[in-house]
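FYI, the working numbering numbers position 289 of the sequence shown as 1075, with every residue one higher than the one before it. C-beta: ideal position from N, C-alpha, C; glycine also. Note that the structure is a prediction, hence the values are computed from the model and not measured. Reading through the structure tokens given below for one structure.
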Amino acid sequence: MSKRSWHEANLPSPHSVLPPHTGSSASPHSYHSPALIPGVSRKVKACAACRKQKIKCIMQGEPPCQRCRERGLSCKLNKSLQTLMSEDSRWKASMTKDVSALYASVTPITDNLSHVPIESLYQITGMRALRAGGSSTEDQARFCKQLRDTDFISRGVVRLDDAEPLATYFLEKLDPYIWHVCPQYTDLESFRSRSPTLTAAVLAVAALHETSRCHLYATCVKEYKRLVANAMFERNIDMEYVRALVIGAYWLSDISWTLSGYAIRRASEFHLKQCFQQIADSVRAPDQADAAKLAEAMDGIRVLYLLYVCDHQLSILYGRSSIMRDNETYITGWESYVACSLATDADRRIAGQICLMYLMNQIRESLGPEDVSTVLPVSALGQIAGFERDLDDWIARFSRHNPSQLIGNWPNKGAVMHYHWAKLYLQSYVLRGLPDSEAVIPEHFLENASAAVQAATSIINLLVEDKDAHVAIAFVPHHVHGMVAFAAMFLLKIATKHREQLFVDIDHFHRLIGGLADHFKQIDIGKDHLLHRMADGLDKMAESLGGPARSRGRKLPAARQPQQGDSKPAQAVATVAPAVANGMSALPDFSGLDPSGFDFSDGALGLGMPFFDFEGTTLNGASTWDFT
């Protein structure tokens, strides 16, 4: 048999793989690898001169060797590939060790830095307006001093004799109800030396409440709005400006929504979330905490928490989405905040509000805020029951506050009111999506509807019967008034549309709402306060429940009696006298009541009630109570 050719054996011909002949000598195995890559040889230890003479080369570390040094020869060590690889390996190992050590040192620092893409654009353009931060403290101090020298007190718009009592009034009467947002301030001068905007905010809110100086409210709030607007597009602001925005968002109902959103945006420039990390570190290692930095961190996180509470309260009040997220570490890790060595009773109250707002937002997200036209399915009962248990756990944990020297036992009573408010908010979802006319509550939701009625009744009873709540309602932020307004409106809706199903006692509702209106009329508060408008609205509601016509008069501060032409008188609402049979009054006839006047068509049970002017559209004395 003849031999097979290379092609038939499917093997490469040796002539096809041999490299072309060159003048240099090649290894007989060079066709297995590229010719230009030398093979790994033994490590070279002798210099070129000693190798040429074939004598021993005594090398002490680096060249020259002993022979070349004695004879003055040029000592050159031709390194082999093995030597190069060994040196390269040692260099890489050394560099890897150094980089690892550097990375371990830098990583904790970079984790807390904000990576702002706009800084890249600043590096390219050099425009100062594009810088993400870095304001000059000296510039801010100089700017505040200039404004202080020309503030509205220095200009004589508000007399110093009026401004000082108003500042004291705020610190003693109002600041405790907002968990001491200004803990480091003691008098008017301390406000003026730090921030003209904060000064105007404090005086405006105090004038809104203080009866003897309520005539200054319009002047102070005008100055406050002017200063806020002037700094709207300023690159550099300070924390006191943000604090002034927080105060306005809590008490100035007509601009609260705008101020809240703006304050959240501007506060983000201070990276207040990093304050929580400092607080958490101080809890883990108390001995290593710096007292001054920890106090500054606590002040910063308080402002951030106040913004979170305000944002979520207003989102519920207006039926709008909140801005601040719930999954942030400073929200879910609130226990480190109250465990801090500098935490006070006010901080524990703030923590309670954080947990409650978190729960109420979970209710909103779970039961669906968007689809207001669809009735809840039966399967939602399990979710509602779960949220009920969560609220019960909340009140068990956050209703044991120490009494306050300034506000009495309101911390505990306020927690109870918020608990009833959250229960009402939760249970009222069962009425969502019911038809406007001849609405029937599904049988499986009747117990929940009754629980909502009980919660609304408890809110009003607490205000009418409890001494601490009786006093506090005049000074609390305006979102608490929203709770009361919603509770009263809810009872009126139930009495009008579901009284047969829920066995409603109309007379009891009439006495309850009428008693609340009478209480609001007796409160000694500034003439521009919302409670006066609420009192008139509650009177209208009580009349609509079939009671006798109620007096619209209210107690006004002695500093100002109503002048002719101040406002148009409220129009009377026709009421139907209840029929009497066998000595018992029958249910009132609601056929003449216009449901649209009380926003009964709101399937989502929103809080935009006509009688409660959140947006400030009727603050200039226009007729507020014209429901026709």
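Out of PHE1289, TYR1215, LEU888 and GLN839, the CA that lies nearest to the CA of ALA1171 is found in TYR1215. ALA1030 and ASP1067 have their C-alpha atoms roughly 29 Å apart.
The C-beta distance from ASP973 to THR954 rounds to 7 Å, short enough to meet the 8 Å contact threshold. Between LEU1142 and GLU1174 a beta carbon distance of about 14 Å is seen, past the 8 Å cut, so the two are scored as non-contacting.
Annotated as proximal: ALA1242 and LEU1210, with beta-carbon spacing under 7 Å. Taking ASP1133 as reference, the option from VAL1095, LYS1279 and SER1165 with the minimal CA-CA separation is VAL1095. The three-state secondary structure of SER998, taken from DSSP, is coil. Approximately 4 Å separates the beta-carbon atoms of LEU1013 and THR983; this is inside 8 Å, confirming the contact.
Look at the beta carbons and you see the region 1177–1185 not touching the region 1241–1255: under three pairs across the two are nearer than 8 Å. Linking PHE1289 to SER1042 through their CA atoms gives a straight-line distance of about 39 Å. By the Cβ-count criterion, PHE1019 is exposed, with fewer than 16 other Cβ atoms from all chains shown falling within 10 Å of its own Cβ. The region 1120–1128 makes contact with the region 1080–1094, as at least three CB pairs between them are under 8 Å.
Of the residues ASP937, PRO1189, GLY1168 and ARG1106, the one whose Cα lies closest to the Cα of ARG1150 is ARG1106. Partner residues in a beta bridge of SER875, as assigned by DSSP, do not exist.
Here the region 1249–1259 makes no contact with the region 1076–1090; the two share fewer than three CB pairs at distances below 8 Å. The beta carbon of LYS1011 sits closer than 8 Å to the beta carbons of ILE1041 from its chain, once the five residues preceding and following it are set aside; these are given in chain order. If you check the CB distance, TRP1037 and PRO1197 do not come in under 7 Å. DSSP places SER1190 within a strand segment (E or B) once states are collapsed to three. Look at GLU1020 here: in three-state DSSP terms it is coil, with no helix or strand label.
Classified as buried, TRP1180 has 16 or more neighbouring CB atoms from the shown chains inside 10 Å of its CB. Between the alpha carbons of HIS1206 and VAL1266 lies a gap of roughly 12 Å.
Here GLN1099 is buried, its C-beta having at least 16 other C-beta atoms within 10 Å. Each of GLN1139, ALA949, GLU1114 and GLY1301 was checked against the Cα of TYR963, and the nearest Cα belongs to GLN1139. If you look at PRO1197, you'll find it in the alpha helix (DSSP H) that goes 1196–1213. For the pair MET1203 and LEU1248, the CB atoms are nearer than the 7 Å cut-off.
Per the coordinates, the alpha-carbon of THR936 lies some 25 Å from the alpha-carbon of VAL967. Here LYS1313 carries a coil assignment [DSSP, helix/strand/coil]. Straight through space, the alpha carbons of SER1054 and GLY1047 are spaced by roughly 11 Å. With distances taken between CA atoms, ALA835 lies nearest to GLN852 out of GLN846, GLY847 and GLN852. Between ALA1208 and LEU1167 the beta-carbon gap is near 18 Å, outside 8 Å, which marks them as no contact. Secondary structure of SER1068 (DSSP, three-state): helix. Apart from sequence neighbours up to five positions away, the residues of its chain that approach ILE1023 with a beta-carbon distance below 7 Å are ALA1017 and ARG1052, ordered along the chain. Counting only residues of its own chain and dropping the five nearest sequence neighbours on each side, LEU946 has a CB closer than 7 Å to the CB of ILE939. About 6 Å separates the CB atoms of CYS1006 and ALA986; that is less than 8 Å, so the two are in contact.
Of the other Cβ atoms in all chains shown, fewer than 16 fall within 10 Å of the Cβ of GLN846; this residue is therefore exposed.
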